[in-house]
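> If you read the sequence shown in full-length UniProt numbering, its first letter stands for residue 1, the second for the next number, and so on. Yeah, the Cβ is synthetic: ideal placement off N, Cα and C, and Gly gets one too. All of these numbers come straight from a predicted model, not from anything done at the bench. Sending over a structure as structure tokens; questions will come in a sec.
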Amino acid sequence: MTLSLGWLSALAVGVFSAHVLQKLCFPYFWKDLFFLLKVISYGVKLEVFKLRSSVSTVLDRFIQNAQRFPDKPFVIYEGSVHTYRDIDRRSNRLSNVFLDHLKLKKGDCVALLMSNEPDFLCVWFGLAKVGCSVAFLNTNIKSKSLLHCFNCCAAKTLIIGSDLLEGLDGTLTTLLDDNIQVWAMKSQVEHTQVHTLLDKLEAASDKPVPAVLRATTSLKSPTLYIFTSGTTGLPKAAVITHLQSLKGAAGFWAFGGTEDDVIYIPLPLYHSAASLIGIGGTVHLGATCILKKKFSASQFWNDCRKHNVTIFQYIGELCRYLCNQPTTDLDKVHKVRMGVGNGLRQDVWREFQSRFGSIQMCEVYGSTEGNLCFMNHIGRIGTVGRSNFFYRLLFKYDLVKYDMMKDEPVKDEYGFCQRVRRGETGLLLSKVSATSPFFGYAGSKQLTEKKLMRNVFVKGDAYFNTGDLMAEDLDGFICFRDRVGDTFRWKGENVATTEVTETLMLVEFIQEVNVYGVEIPGHEGRAGMAAMIIRPGHKFDGKTLFEHATRDLPAYARPLFVRLQEVMEMTSTFKQQKFQLVQSGFNPSTISDPLYALDYQQKSYIPLTDLIYQSIIAGERKL
Ligand SMILES: *[C@@H]1O[C@H](CO)[C@@H](O)[C@H](O)[C@H]1NC(C)=O
């Protein structure tokens, strides 16, 4: 969404061009234009920050809000109201503790491991006020990945929520051995080497720390690290600069949000959707948000009615869970007018709107680290975004032909990619340029480089490879088709097949393993499945596999199904062949290989019978 001023004049000319006049008859013209003008005006604002070398950050906006309307509720959590002033003061206290006790300095990176609660925001803002960048850790991740996260962003300090300290177990010792300072949001702890924050907080002043600490001159300075499950194993720390955080914060506003909106945030704050778009967006509007510790389908509408919620954030699964709730007379009794999120499938979208009323569903497409985003401001069902003549001028993206069997883009005789025709599905690439920079991953040039494709259409160009197969129809609506390569989504999280593979390879009886995702009717994303070859002289042992999977992998990444194979197919370029495995799915009546299913009751992988298969298809088995 950043634009150089040059584009403005180009646009001015464009607006009066014949091209546009002809488009006046186009049904979406005014909506498109209105939306684009918003995007452009915001882009201009960001340009001004650049010219002046002084950035007004999302945090600055929050502090202004706290001065302008201190008593306005900012966050409502489990029934208690926290005003802008409350959060501002408490984060000041924390800032003072960070300076006096933790001896943090501007530029340090601090890791934050907390569940959704108002203190997540206080710690985040408190750190930002002393000029620290913050690395949000996924509360699901397990020991090995957690340690890796500290290395990525060079954090030397961990701040941990009171409810999560217990869960650290063995990892805690390793962290302490690595000289990571661990501070818990508690007044007292048993562990002698863990420091306490709450007692110091009580005693600290709530006066603001000097503004110079948080000041930044560049939109490109990192403010957050958000971990994304990568294509290459362990989580990657996406560098979130002020530029991305400001863009994310403008999302609700671009879709028409105002300060009177009440925003419902049931997604985890360590993801960019809840933090950048949700909290950032609430701050940008000066609105109120209802923060949930966890999403609950049975509480959702009651919450919305109780708090007069007008906007909610979703992932596709969440809307499906809401549709699966028993119908009531109150289904259409609420003030919700808009949902912002992604991954909503056509069938659920239709059902959701017919059941709960005409709520505008705004799909946003874009990865945490990506340099491109699509927004479906029209609300056409089943599409993630909208492109048009101007959009294509501003954002250089392309869809190129992709060979599913080889699992790589199709190249022509000169080694260049080929664009697909309109309406055809292709791999989405986004050009990396000064206006659409890619900031990459912390601590790894290699990973950053891997996400880029060079010499795509001409020698020397560079594109961000989204890894998503998309199609754009003749009207400019963009649909998500599939994800290629080494990740798939399940329960709102990215699963990196290589990470799962590495973990499973530690199991003694496994010689070779190929992890992929299979579709299950009635579920968003793909469920994990592992095809494996058993080491000669060994036997498949469901209990051992279960123990490894539950101990070393977060719940969403555990393979739900296992397929034993004699040989493993390779692609012509010697990658594991996933495509055919994905296509053949997990139906025991059509697959002759032995199949197993993850079973939490028996704490084992048990033979996948027709009966189990049918109960999964019928949606009766909890997955
Ligand atoms: C919600 O709106 C109704 C009617 O507009 C109002 O009476 C009520 O006080 C509002 N509730 C809250 C929590 O703001």
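Exposed or buried, which one is THR192 when buried takes at least 16 other CB atoms within 10 Å?
exposed
> Would you kindly report the start and end of the unbroken alpha helix (DSSP H) that includes THR425?
THR425 -> not in any alpha helix (DSSP H); beta strand (DSSP E) instead, spanning 425-431.
> With a cut-off of 7 Å, give the chain-ordered residues whose Cβ is closer than this to any heavy atom of ligand 1.
So the residues near ligand 1 by this Cβ test are LYS306, HIS307, ASN308.
> Under 8 Å by Cβ, that's how I've got GLU117 and GLY161 pegged, so tell me the actual separation to the nearest angstrom.
7 Å
> ALA238: buried (16+ other C-beta within 10 angstroms of its C-beta) or exposed?
buried
> Based on Cα-Cα distance, which residue from GLY522, PHE509, GLY525, ASP475 lies nearest to GLY537?
Between GLY537 and the set GLY522, PHE509, GLY525, ASP475, the nearest pair of CA atoms involves PHE509.
> How is VAL81 classed by DSSP in three states: helix, strand or coil?
strand
> Quick one: grab the DSSP three-state call for HIS195.
strand
> Is ASN465 helix, strand or coil when you go by DSSP?
ASN465 falls in the strand class under three-state DSSP.
> Quick check on GLN602: buried or exposed, where buried means 16 or more other Cβ atoms within 10 Å of its Cβ?
exposed
> In the DSSP assignment, find the unbroken alpha helix (DSSP H) run with SER145 in it and report its ends.
143-153
> Tell me which residues share the same chain as ASN96 and place their Cβ nearer than 7 Å to its Cβ, disregarding the 5 neighbours each side in the sequence.
ALA204, SER205, VAL209
> Looking at C-beta atoms only, is the number of pairs between the region 259-267 and the region 96-111 that lie closer than 8 Å three or more?
Two segments are said to touch when three or more pairs of C-beta atoms, one from each, lie closer than 8 Å; by this definition the region 259-267 does not touch the region 96-111.
> According to DSSP, what are the bridge partners of LEU603?
In the sequence as presented, Leu is not what sits at residue 603; that position holds Lys. Per DSSP, none; premise fails for LYS603.
> For the 8 Å Cβ check, are there 3 or more pairs between the region 396-410 and the region 575-583?
In this structure the region 396-410 touches the region 575-583; the number of beta carbon pairs closer than 8 Å is three or more.
> Nearest CA to the CA of SER298: which residue from MET470, GLY492, ILE520, ASN324?
Ranking MET470, GLY492, ILE520, ASN324 by CA distance to the CA of SER298 puts ASN324 first.
> Name the residue from MET114, GLU569, LEU213, LEU219 whose alpha carbon lies nearest to the alpha carbon of VAL48.
LEU219
> Checking 8 Å against the spacing of the C-beta atoms, do residue 670 and LEU399 come in under that value?
No information on residue 670 is available, as it lies outside the stretch 1 to 623 that the chain covers here.
> Following the continuous alpha helix (DSSP H) through PHE227, name the residue where it begins and the one where it ends.
That residue, PHE227, is in no alpha helix (DSSP H); its beta strand (DSSP E) goes 222-228.
> Can you name the start and end residues of the alpha helix (DSSP H) that ASN494 belongs to?
ASN494 -> not in any alpha helix (DSSP H); beta strand (DSSP E) instead, spanning 493-496.
> Assuming GLY343 and GLN360 are in contact, meaning their beta carbons sit under 8 Å apart, how far apart are those beta carbons, in whole angstroms?
GLY343 to GLN360, Cβ: 17 Å. No contact.
> List the residues that DSSP assigns as beta-bridge partners of LYS186.
Its beta-bridge partners do not exist; DSSP assigns none.
> Is the beta carbon of GLY280 closer than 8 Å to that of SER245?
yes
> Taking the alpha-carbon positions, what's the LEU146 to PHE136 distance?
Approximately 11 Å, taken between the alpha carbons.
> Between the alpha carbons of SER115 and LEU234, how many angstroms are there, rounded?
Going from the Cα of SER115 to the Cα of LEU234 covers about 21 Å.
> Would you mind working out which of LYS543, LYS142, TYR414, GLU512 sits nearest ALA530, comparing C-alpha positions?
GLU512
> My guess is that PHE120 and LEU269 are in contact by the Cβ rule of under 8 Å, so how many angstroms apart are they, rounded?
5 Å
> For VAL97 and chain B, any beta-carbon pair shorter than 8 Å?
Absent here is chain B; the protein component of the structure consists of one chain.
> Since LEU113 and THR139 are thought to touch, with beta carbons under 8 Å apart, how far apart are those beta carbons, to the nearest angstrom?
About 6 Å separates the two Cβ atoms, so the contact holds.
> Could you give the DSSP three-state label for LEU399: helix, strand or coil?
In the structure shown, LEU399 sits in a strand (DSSP, three-state: E or B).
> Expressed to the nearest angstrom, what Euclidean distance is found between the alpha-carbon atoms of SER444 and LYS200?
36 Å
> Counting pairs of Cβ atoms below 8 Å between the region 592-602 and the region 551-565, do you hit three or more?
yes
> Under 8 Å, do LEU36 and PHE390 count as touching if we go by C-beta distance?
Taking C-beta atoms as the reference points, LEU36 and PHE390 count as a pair closer than 8 Å.
> If you follow the alpha helix (DSSP H) that TYR42 is in, where does it begin and where does it stop?
29-52
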